[in-house]
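Input: a single structure, listed below in C-alpha cells.
Numbering (the numbering used here), first residue to last: 1 to 383.
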C-alpha cells in the first residue's frame, strides 16, 4: 500500500493565522474563546472563538483577494496559500485534487435574494470557487458530514492517494460564525455560558468557534521539505444508527471506528501514545467518548480536547485538531485540556491537565457528530 505523508499545513483561528503562531499560543495555555456581546451573533451574550478581523483584512490584502469572494472563501484561500508556500506540490497538476470540508458553507449569505448569491449557498459552488482560484483541473470533492467532516476528508484523501490516480491532495476546511449557526446549538441548550470544560465534572456545553485549516497529503516523498516525516496510516468512519442528535450511550459506534483504524494501520492499541479526542464538553458526548476509549483499551493513553482553546470549529475542527496532533508528534509535546480540573466521566480516562513533553510516535484523532457519525484517523512519525 502506498505511503501517505503530510506535506504541509496551515491553521487560521482565534489564536492566529498560521500553524506556528497557533501552536505557540496553545503551549502558552491561551484561549481564544471570549464572551461576545455583538447582537449580530446572538440576542444574548455568548462565548465565541472568532478570528481577528483586523488581521483577516491584512491577510486578504497580502493575498490580493478581491471583494467578490465570501468570508469563508477568503479564509480558505488564505489558508491554502500559506500551506502551499511551505510545499513543493504543483496545484495545476492533474495529479493534484482538492477536498473541501465544511458543514455550513457560505451560511452568512442566507436570506439574501440575489440569484448569484443564492448559488453561492451550494457547498459544491464553494469548492469549485476554490478549485478555480488555484487553477486546478480536477473537479473538487466536498465533504459535509456534520462535525466529523474534517477527519472524514483526511481519511478520504488517504484513500484517493492509495488508488494511484492522484499524487497530492489539498484538504481544506472551514466554517464561520453566524446567528443561524449559534441559534441552532442554542435550541439544543448545548452552549456553555463560559469557556467549555471538556471531560470535567462541571462541564455544561460547548463553545463555538470559526476558522479554517489546510493539510496537504502527498504520496511523493520528493514533495516533502522537512526532516521529520509524518504519515497517515489508518482511518475509518462509522455510525451509531442510534439517534439523529444524541450519541450512542455505549460508545460502540466510535469504538468500531477506532478498531478499524487500528486494523488498517497494522498497529496495536499499545502503540498509540496520544489521543486527540473530539471532547465537546457536552455531558453526553464526553461520556460516550470515554466509554468508546474504554472499549478500545485506550483509557491509559494521554488524552486531550482542544475545544477550550479555540472552540468547536465545525467543518474545520477535524483538520485543525489533526494538524495540532501532527505538530505534537514533531515536537514531542502534548497540549493540555483547557478548562479541565476534575474528571467528570464514569471511565477513568487519562485526561491531560498540563503541557507535557514526552516522546510520542503515534497519535489517534477522533470525531463524532450529529446523526450518530464517528471517524478516526491515525498519524505516525517515520523512524
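For each residue, glycine too, the CB sits at the ideal point set by N, CA and C.
- Remark: C-beta atoms of residue 235 and residue 288 do not approach each other more closely than 9 Å.
- Take residue 256, set aside five residues on each side of it, and the residues of its chain with a beta-carbon closer than 8 Å to its own are 236, 238, 374, in chain order.
- Between the region 286-301 and the region 355-371, the count of Cβ pairs shorter than 8 Å is three or higher; the stretches touch.
- Residue 66 counts as exposed, since fewer than 16 other beta carbons sit within 10 angstroms of its beta carbon.
- Residue 283 sits in a helix when the DSSP states are folded into three classes.
- Sequence-distant Cβ neighbours of residue 222 in its own chain, meaning closer than 8 Å and more than five residues away, are 88.
- When rounded, the separation of the alpha-carbon atoms in residue 75 and residue 123 is 15 Å.
- Using a Cβ-Cβ distance cut-off of 8 Å, the region 335-343 and the region 250-268 are not in contact, since fewer than three pairs of beta carbons, one from each stretch, lie closer than that value.
- For residue 10, the CB contacts under 7 Å within the same chain, skipping 5 residues up- and downstream, are 18, 19, 79, 82, 83, 213, 214 in chain order.
- Collapsing the DSSP output to three states places residue 253 in a helix.
- Secondary structure note for residue 101: its beta strand (DSSP E) is the uninterrupted segment 96-101.
- In the DSSP assignment, residue 374 falls within the unbroken beta strand (DSSP E) covering 373-381.
- Judged by their CB atoms, residue 176 and residue 311 are not nearer to each other than the 9 Å cut-off.
- Here DSSP, grouped into helix, strand and coil, assigns residue 369 to strand.
- Residue state for residue 54 is assigned as helix, using DSSP reduced to three classes.
- One Cα belongs to residue 28, the other to residue 283, and the distance between them is close to 27 Å.
- Judged by DSSP in its simplified three-state form, residue 133 adopts helix.
- Following the DSSP letters along the chain, one finds residue 48 inside the beta strand (DSSP E) bounded by residues 46-49.
- Rounded to the nearest angstrom, the Cβ distance from residue 209 to residue 48 is 7 Å, consistent with a contact under 8 Å.
- When DSSP states are grouped into helix, strand and coil, residue 266 belongs to the coil group.
- In this structure residue 14 is buried. Its beta-carbon is surrounded by 16 or more other beta-carbon atoms within 10 angstroms.
- Per DSSP, residue 231 lies in no alpha helix (DSSP H); the unbroken beta strand (DSSP E) holding it starts and ends at 230-239.
- The DSSP assignment places 141-143 as complete runs of the beta strand (DSSP E) inside the region 131-169, in order along the chain (cut-off: 3 residues).
- In this structure, the straight-line span from the alpha carbon of residue 73 to that of residue 144 is close to 16 Å.
- Under a 10 Å Cβ-count criterion, residue 219 is classified as buried, with 16 or more other Cβ atoms of the shown protein chains found around its own Cβ.
- Here the alpha carbon of residue 383 sits roughly 32 Å from the alpha carbon of residue 141.
- The shortest C-alpha to C-alpha distance from residue 127 to any of 322, 204, 165, 70 is the one to 70.
- Judged by DSSP in its simplified three-state form, residue 333 adopts strand.
- In this model, residue 354 and residue 132 are separated by some 44 Å (Cα to Cα).
- DSSP places residue 13 within a strand segment (E or B) once states are collapsed to three.
- Secondary structure note for residue 121: it is in no alpha helix (DSSP H), with a DSSP letter that is neither H nor E.
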